[in-house]
Amino acid sequence: MLTKRIIPCFDVDGGRVVKGVSFVDLRDAGDPVALARAYDAGGADELVFLDITASHEGRESTYQMIAETADQVFIPLTVGGGVRTPGDMRRMLEHGADKVGVNTAAVERPALIEEGARRFGSQCIVVSIDAKQIPSAGGGPRWRVYTHGGRRETERDAIEWAREATERGAGELLVTSMDSDGHQSGYDLELLRQVAEVVEVPVIASGGAGEPEHLYLALTEGGAHAVLAASIFHFGHYDISTLKRYLADRGVAVRPAADGAPVAETEVPDARP
Amino acid sequence: MPPSSIDPRGPDETLEVVVVDYDAGNLRSVRRALEHAGARAIVSDDPRAVSAARAVVLPGVGAASETMEKLRQRRLVEPLLDVIASGRPFLGVCMGMQALFDFSEEGGSHPCLGVLPGRVVRFETDAPVPHMGWNTLDVVSSHPLLAGIESGAHVYFVHSYYPVPGEAAMVVAETEYGGRFASVVARDNVMATQFHPEKSGRTGLAIYANFVTLARARTGAAAGPAPR
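Line order of the protein sequences matches chains A and B. So the first sequence is numbered by the numbering used here: it starts at 1 and just counts up by one. So the second sequence is numbered by the numbering used here: it starts at 1001 and just counts up by one.
Structure below.
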């Protein structure tokens, strides 16, 4: 049976993780490779790196970081942030990313999704949607798409954009509720439900996880296929095995955390890319 | 190649596996997984390298028609068929599995390598397509490729099409997604998985280790790197 996925998300800047975690006891909590290995061992089903690096030099270290992580962690790896062209996608994939997340550039030039899907396959194009609820005159809630890390409002309706993005070839949607993000009071279930209703591809819920129940609700009532979470791990309240046990006890199919590493600590020659 | 003195195992014990490069992504992980299993992985699109290989992995993502087109453009079809016909260990992964069958219905009907009888068809289900994520194996017949792996093990899938083998005997494991499909097949020296073992954590690494063990045994004394 296909299982629901739990996906930790890290913000990275210049090849370093800038949102720390406390549940894993690491000498260097900013080391992406060490973190990725720890989460892999802990039962993470996938990893997402969001690159917030501004400088050109910093982006080179991001590629290096992707390569080093992909060399040691044998679960799917998605990298997003600052992807503007098929060339950017290619570089990330060549360095070991399995999927590339696009957000602002896809909203500004939706053909980017088609170009990426045609060249690399839909399966590696994740369209990330930042949505914020707007006041609507009756007829239920509506959401507007935001870009530039949530700083810029667009004219696009989030549900419409979700539909268009998948029609253009997105293989997955990462849907973040800006209203819920950071509040740890739960995902925006109505937003998730509406997106999941209009698209056929998997939906990853993001923004608002604070309690195990929030993940459960997103995966059941929200219709999401995966949950992305940062704070729930970063603040050390829950580890993945606890969350998975919680979900499994409530009838949600998950890959047991014990299925994660320990992968043998074999040192492989030629560790550099 | 680094001097053999650095490698405590010595070069003669290191199986060299050619990973076929036809611009289908994901090669880095395949190479690293093979290295993790103790093999030396050579990523190559050179028909001569494939012809000379002791063992071959055909990875892949993307569409069947494009895959076959790229294999033809790079003159890799004949070398691949030679390797398979000669009995050398061969592992197809995802699209590399689908390419082994007679034809694929992806984007019309495209002839594939025709090594295994059967066709490749699209999921007809209300569930999301592509089938993406961790799903379980149901082992239906014992095979050394799955040594130590039991039914219920989780592996990572990303695909919209799946193979329908023409012979039930080649099915090693099945997976449920809007119906059961063959997720691992094997016949003689040819083995294939619809999922990505290189993205399937511990279970996937075990599969590569099993392939390397099997390849070492089958290639016997010839397990060292090809003389050059």
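Glycine included, C-beta positions come from ideal geometry on N, C-alpha and C.
Checklist entry - Which ranges does the alpha helix (DSSP H) cover as unbroken runs of at least 4 residues, wholly within the stretch 1035-1093 of chain B, from first to last along the chain? => result Counting whole runs of 4 or more residues, the stretch 1035-1093 of chain B contains the alpha helix (DSSP H) stretches 1047-1051, 1064-1073, 1077-1085.
Checklist entry - Relative to chain B, which residues along the stretch 169-186 of chain A have a C-beta separation below 9 Å, given in chain order? => result Those residues of the stretch 169-186 of chain A that come within reach of chain B (Cβ to Cβ, closer than 9 Å) are Gly-171, Glu-172.
Checklist entry - Using a beta-carbon distance below 8 Å, is Ser-1005 of chain B in contact with chain A? => result Reading the second sequence from its first residue, position 5 is the one you call residue 1005 of chain B. Residue confidence is low: Ser-1005 of chain B scores 41 on pLDDT, short of 50, so the model does not pin down where it sits. Its coordinate-derived value is still stated next. No - not a single Cβ of chain A is within 8 Å of the one on Ser-1005 of chain B.
Item to check | Closest Cα partner of Gly-1108 of chain B within the set B:Val-1140, B:Leu-1071, B:Tyr-1161, B:Gly-1178 | outcome: Position 108 of the second sequence, counted from the start, is the residue given in the question as residue 1108 of chain B. If we check each option's Cα against that of Gly-1108 of chain B, B:Tyr-1161 comes out closest.
Next on the checklist: Does the CB of Thr-69 of chain A have a neighbour CB from chain B at under 8 Å?
Outcome noted: Counting from one through the first sequence, the residue named residue 69 of chain A turns up at place 69. For Thr-69 of chain A, the answer is no, since every Cβ of chain B falls outside 8 Å of its Cβ.
Next on the checklist: I'd like to know if the stretch 30-45 of chain A and the stretch 237-248 of chain A are in contact, where contact means that at least 3 CB-CB pairs between them fall below 8 Å.
Outcome noted: Under the Cβ criterion (8 Å, minimum of three pairs), the stretch 30-45 of chain A counts as touching the stretch 237-248 of chain A.
Checklist entry - Under 8 Å between C-beta atoms, does Lys-1070 of chain B make it to chain A? => result Along the second sequence, read from residue 1 onward, the residue named residue 1070 of chain B stands at position 70. Closer than 8 Å to the CB of Lys-1070 of chain B there is not a single CB belonging to chain A.
Item to check | Range covered by the beta strand (DSSP E) that runs through Lys-99 of chain A | outcome: Counting from 1 along the first sequence, the entry for residue 99 of chain A is found at position 99. That run of the beta strand (DSSP E) goes 99-102.
Checklist entry - Which value, in whole angstroms, describes the spacing of the CA atoms of Ala-1217 of chain B and Ser-1086 of chain B? => result Residue numbering aside, residue 1217 of chain B sits at position 217 when the second sequence is read from its first letter. Residue numbering aside, residue 1086 of chain B sits at position 86 when the second sequence is read from its first letter. Within the model, the alpha-carbon separation for Ala-1217 of chain B versus Ser-1086 of chain B is close to 15 Å.
Checklist entry - When DSSP builds the beta bridges, which residues end up paired with Ser-177 of chain A? => result Position 177 of the first sequence, counted from the start, is the residue given in the question as residue 177 of chain A. Per the DSSP secondary-structure output, Ser-177 of chain A pairs in a beta bridge with A:Ala-131.
Checklist entry - What is the residue span of the alpha helix (DSSP H) that Tyr-246 of chain A lies within? => result Counting from one through the first sequence, the residue named residue 246 of chain A turns up at place 246. Taken as a continuous stretch (DSSP letters only), the alpha helix (DSSP H) holding Tyr-246 of chain A covers 240-249.
Checklist entry - When you compare only the Cα positions, how much space is there between Ile-6 of chain A and Glu-1078 of chain B? => result Looking up residue 6 of chain A in the first sequence gives position 6. Looking up residue 1078 of chain B in the second sequence gives position 78. Taking the straight line from one Cα to the other gives about 43 Å.
Checklist entry - Taking buried to mean at least 16 other C-beta atoms within 10 Å of its own C-beta, is Thr-69 of chain A buried or exposed? => result Taking the first residue of the first sequence as 1, we reach residue 69 of chain A at position 69. By the neighbour-count rule (16 or more Cβ atoms within 10 Å), Thr-69 of chain A is buried.
Next on the checklist: Just to make sure I have the definition right: I need the residues of chain C whose C-beta is within less than 7 Å of the C-beta of Gly-1204 of chain B. Which are they?
Outcome noted: Among the protein chains in the structure shown, which are A and B, there is no chain C.
Item to check | Where the beta strand (DSSP E) through Ser-61 of chain A begins and ends | outcome: The residue given as residue 61 of chain A occupies position 61 in the first sequence. First-last for Ser-61 of chain A: 56-72, but that is the alpha helix (DSSP H), not the beta strand (DSSP E).
Checklist entry - Quick one: is Ala-1099 of chain B buried, meaning 16 or more other Cβ sit within 10 Å of its Cβ, or exposed? => result What you label residue 1099 of chain B is simply residue 99 of the second sequence in a count that begins at 1. By the neighbour-count rule (16 or more Cβ atoms within 10 Å), Ala-1099 of chain B is buried.
Next on the checklist: In the DSSP output, which residue or residues are listed as bridge partners for Thr-147 of chain A?
Outcome noted: Here the question's residue 147 of chain A lines up with position 147 in the first sequence. Beta bridge pairing from DSSP links Thr-147 of chain A with A:Arg-152.
Item to check | Close-in-space but distant-in-sequence residues of the same chain around Leu-1146 of chain B (CB under 8 Å, 5 per side omitted) | outcome: Looking up residue 1146 of chain B in the second sequence gives position 146. Leu-1137, Val-1139, Val-1172, Ala-1173, Val-1184, Ile-1207, Asn-1210, listed in sequence order.
Item to check | Status (buried if at least 16 other CB within 10 Å, exposed otherwise) for Gln-194 of chain A | outcome: In the first sequence, the residue the question calls residue 194 of chain A occupies position 194. Counting C-beta atoms within 10 angstroms of its own C-beta, Gln-194 of chain A has 16 or more neighbours from the protein chains shown and is therefore classed as buried.
Item to check | Alpha-carbon spacing of Thr-62 of chain A relative to Leu-77 of chain A, whole angstroms | outcome: Reading the first sequence from its first residue, position 62 is the one you call residue 62 of chain A. Reading the first sequence from its first residue, position 77 is the one you call residue 77 of chain A. Taking the straight line from one Cα to the other gives about 13 Å.
Checklist entry - Helix or strand or just coil, what does DSSP make of Glu-1150 of chain B? => result Residue 1150 of chain B sits at position 150 when you count from the first residue of the second sequence. In this structure, Glu-1150 of chain B counts as coil in the three-state DSSP scheme.
Next on the checklist: Just to check my reading of the structure: Val-1061 of chain B and Val-1020 of chain B have Cβ atoms closer than 8 Å, yes? What is that Cβ distance to the nearest angstrom?
Outcome noted: Position 61 of the second sequence holds residue 1061 of chain B. Position 20 of the second sequence holds residue 1020 of chain B. About 13 Å separates the two Cβ atoms, so there is no contact after all.
Checklist entry - Does DSSP put Thr-1193 of chain B in a helix, in a strand, or in coil? => result Position 193 of the second sequence, counted from the start, is the residue given in the question as residue 1193 of chain B. Here Thr-1193 of chain B sits in strand by DSSP.
Checklist entry - Pro-202 of chain A touches chain B at which residues, Cβ-Cβ below 9 Å? => result The residue you call residue 202 of chain A lines up with position 202 of the first sequence. Per Cβ cutoff of 9 Å: Pro-1128, Pro-1130, Met-1132, Gly-1133.
Next on the checklist: Which residues of the stretch 1152-1169 of chain B have a Cβ closer than 7 Å to any Cβ of chain A? Give them in chain order.
Outcome noted: Correct list: His-1154, Tyr-1156, Val-1158.
Item to check | Cα-Cα separation between Val-79 of chain A and Gly-58 of chain A, rounded to whole angstroms | outcome: Taking the first sequence and counting its residues from 1, the one referred to as residue 79 of chain A is at position 79. Taking the first sequence and counting its residues from 1, the one referred to as residue 58 of chain A is at position 58. The alpha-carbon atoms of Val-79 of chain A and Gly-58 of chain A are separated by roughly 15 Å.
Item to check | Proximal residues of chain A, C-beta to C-beta of Gly-1062 of chain B below 7 Å | outcome: As a first step, residue 1062 of chain B is located in the second sequence; it is residue number 62 there, counting from the start. Within 7 Å Cβ-Cβ: Gly-121.
Next on the checklist: So for Ile-75 of chain A, helix, strand or coil by DSSP?
Outcome noted: What you label residue 75 of chain A is simply residue 75 of the first sequence in a count that begins at 1. Here DSSP, grouped into helix, strand and coil, assigns Ile-75 of chain A to coil.
Checklist entry - Shortest alpha-carbon distance to Tyr-1022 of chain B belongs to which of B:Arg-1072, B:Arg-1054, B:Arg-1032? => result Residue numbering aside, residue 1022 of chain B sits at position 22 when the second sequence is read from its first letter. Ranking the options by Cα distance to Tyr-1022 of chain B, first place goes to B:Arg-1072.
Checklist entry - Applying the criterion that 16 or more other CB atoms from any shown protein chain within 10 Å of the CB defines a buried residue, is Glu-200 of chain A buried or exposed? => result Translated into positions along the first sequence, residue 200 of chain A becomes position 200. That one is exposed.
Item to check | C-beta neighbour in chain B for Arg-193 of chain A, strict 8 Å | outcome: Here residue 193 of chain A corresponds to residue number 193 of the first sequence, with the count starting at 1. With respect to chain B, the C-beta atom of Arg-193 of chain A has no partner C-beta closer than 8 Å.
Checklist entry - Looking at the C-beta of Met-1 of chain A, does it have a partner C-beta in chain B at a distance below 8 Å? => result Start at 1 with the first residue of the first sequence, and residue 1 of chain A comes out as number 1. Yes, its Cβ sits closer than 8 Å to a Cβ of chain B.
Item to check | Sequence-distant residues of the same chain with beta carbon closer than 6 Å to Ala-97 of chain A, five excluded per side | outcome: By one-based count along the first sequence, residue 97 of chain A stands at place 97. Excluding residues within five positions, the ones whose Cβ falls inside 6 Å are Ile-66, Leu-77, Val-79.
Checklist entry - For the 8 Å Cβ check, are there 3 or more pairs between the stretch 155-167 of chain A and the stretch 116-133 of chain A? => result As far as the Cβ criterion goes, the stretch 155-167 of chain A touches the stretch 116-133 of chain A, which means the pair count is three or higher.
Next on the checklist: Once the 5 residues before and after Ala-1186 of chain B are set aside, which same chain residues still bring their CB inside 7 Å of it?
Outcome noted: Counting from 1 along the second sequence, the entry for residue 1186 of chain B is found at position 186. In its chain, beyond the 5 residues on either side, His-1143, Leu-1145, Met-1170, Val-1172 have a beta carbon closer than 7 Å to the beta carbon of Ala-1186 of chain B.
Next on the checklist: Would you say Arg-1074 of chain B lies against chain A (beta-carbon separation less than 8 Å)?
Outcome noted: One-based indexing of the second sequence puts residue 1074 of chain B at position 74. No, Arg-1074 of chain B does not count as interfacial toward chain A.
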